[in-house]
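A.B. asks: So that you can map any letter, position 157 of the sequence shown is 157 in the UniProt record's numbering, and since no number is skipped, the others follow by simple counting.
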Amino acid sequence: LNLQNSDGPGYLAQHRLFDQIPELLNDIIIPDYCAFGEDGIDNVDMNIWIGPSETVSPLHFDPKSNIFCQVVGRKFLRIVSAAETENVYPRKDGVLTNTSQVDARNPDIAKFPRFGEAHVFDCTLYAGECLFIPAGFWHYVLALDPSISVSCWFTTKS
Numbered sequence: 001l002n003l004q005n006s007d008g009p010g011y012l013a014q015h016r017l018f019d020q021i022p023e024l025l026n027d028i029i030i031p032d033y034c035a036f037g038e039d040g041i042d043n044v045d046m047n048i049w050i051g052p053s054e055t056v057s058p059l060h061f062d063p064k065s066n067i068f069c070q071v072v073g074r075k076f077l078r079i080v081s082a083a084e085t086e087n088v089y090p091r092k093d094g095v096l097t098n099t100s101q102v103d104a105r106n107p108d109i110a111k112f113p114r115f116g117e118a119h120v121f122d123c124t125l126y127a128g129e130c131l132f133i134p135a136g137f138w139h140y141v142l143a144l145d146p147s148i149s150v151s152c153w154f155t156t157k158s
């Protein structure tokens, strides 16, 4: 994927492609678990991620639960519980308050010592695998290969 007027490869990140081309939904099965959301299976927010290897989503959290489905390639995920928010140093101001100041790939423990105390879960998702990420859980994502992923966001019942 190359974009005009760009020095490097492009990354189609968090794109609502299924809204633009609804016929693509014929090729997607929404995970059954999404039906347990407050709004049911018909109100799952679906986004696609298409890009080359080495694309990154920095350490952040989402307000909705997510079933993250790896369609093509592999992605590495680093996950930290919402209960450890203090240890991931969220940004304090602006629109990115759901994003950590820490580079989760190469954390500077001298600058962010509490991150070294965080209980971090690492995993690699392969094509055909899905991972449930609860609302509020911090996650960092690194594409290990050219990849396609689909996020199925839904609001969990309290």
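Virtual Cβ for every residue (Gly too), placed ideally from N, Cα, C.
Apart from the five residues on each side of it in sequence, which residues of its chain come closer than 6 angstroms, Cβ to Cβ, to Asp145?
C.D. replies: The residue you call residue 145 lines up with position 145 of the sequence shown. Same-chain partners within the cutoff: Ser53, Gly73, Arg74.
A.B. asks: How many Å lie between Ala127 and Lys64 at the Cα?
C.D. replies: Working through the sequence shown from its first residue, we reach residue 127 at position 127. Working through the sequence shown from its first residue, we reach residue 64 at position 64. Between Ala127 and Lys64, the C-alpha separation is close to 23 angstroms.
A.B. asks: Determine the burial state of Asn106: buried for a count of at least 16 other Cβ atoms within 10 Å of its Cβ, exposed for fewer.
C.D. replies: Counting from one through the sequence shown, the residue named residue 106 turns up at place 106. Exposed.
A.B. asks: Under three-state DSSP, which class holds Ala13?
C.D. replies: Here residue 13 refers to the residue found at position 13 of the sequence shown. Three-state DSSP puts Ala13 in a strand.
A.B. asks: What are the residues that DSSP puts in a beta bridge with Cys130?
C.D. replies: Mapped onto the sequence shown, residue 130 falls at position 130. Note: Cys130 sits in a beta bridge opposite Cys69.
A.B. asks: Considering His139, what are the terminal residues of the beta strand (DSSP E) in which it resides?
C.D. replies: Walking along the sequence shown from the start, residue 139 turns up at place 139. First-last of the beta strand (DSSP E) with His139: 138-143.
A.B. asks: Using only CA atoms, which one of Asp122, Phe154, Pro134, Val88 lies nearest to Phe115?
C.D. replies: For the purposes of this step, residue 115 is taken as the residue at position 115 of the sequence shown. Closest option to Phe115, Cα to Cα, is Val88.
A.B. asks: Does the distance from the C-beta atom of Cys69 to that of Val150 stay below 8 angstroms?
C.D. replies: Your numbering for residue 69 matches position 69 in the sequence shown. Your numbering for residue 150 matches position 150 in the sequence shown. For Cys69 and Val150, yes; Cβs fall inside 8 angstroms.
A.B. asks: Beta carbon of Val141: closer than 7 angstroms to some heavy atom of the ligand HEM?
C.D. replies: With respect to the ligand HEM, the structure offers nothing, as it holds no ligand at all.
A.B. asks: Can you give me the Cβ contacts of Tyr140 inside the same chain, cut-off strictly under 6 angstroms, excluding the 5 residues immediately before and after it?
C.D. replies: Counting from one through the sequence shown, the residue named residue 140 turns up at place 140. Cβ within range, chain order: Leu59, Arg78, Ala104.
A.B. asks: Using C-beta distances below 6 angstroms, list every residue in its chain close to Tyr11, excluding the 5 sequence neighbours before and after it, in chain order.
C.D. replies: Counting from one through the sequence shown, the residue named residue 11 turns up at place 11. Gly51, Thr55.
A.B. asks: Give me, in chain order, the residues of the same chain whose beta-carbon lies closer than 6 angstroms to that of Pro134; leave out the 5 immediate sequence neighbours on both sides.
C.D. replies: Stepping through the sequence shown from its first residue, residue 134 is reached at position 134. Cβ within range, chain order: Ser65.
A.B. asks: Give the straight-line distance between the Cα atoms of Val80 and Gln101, rounded to the nearest whole angstrom.
C.D. replies: Position 80 of the sequence shown, counting from 1, holds the residue named residue 80. Position 101 of the sequence shown, counting from 1, holds the residue named residue 101. Each residue's alpha carbon lies about 14 angstroms from the other.
A.B. asks: Which two residues bound the contiguous beta strand (DSSP E) that contains Val56?
C.D. replies: Reading the sequence shown from its first residue, position 56 is the one you call residue 56. Run containing Val56: 56-60, per the beta strand (DSSP E) assignment.
A.B. asks: On the DSSP bridge list, what partners appear for Asp122?
C.D. replies: Stepping through the sequence shown from its first residue, residue 122 is reached at position 122. Paired residue(s): Arg78.
A.B. asks: Report the three-state DSSP secondary structure of Gly51 (helix, strand or coil).
C.D. replies: By 1-based counting over the sequence shown, the position of residue 51 is 51. In the displayed model, Gly51 falls within a strand according to three-state DSSP.
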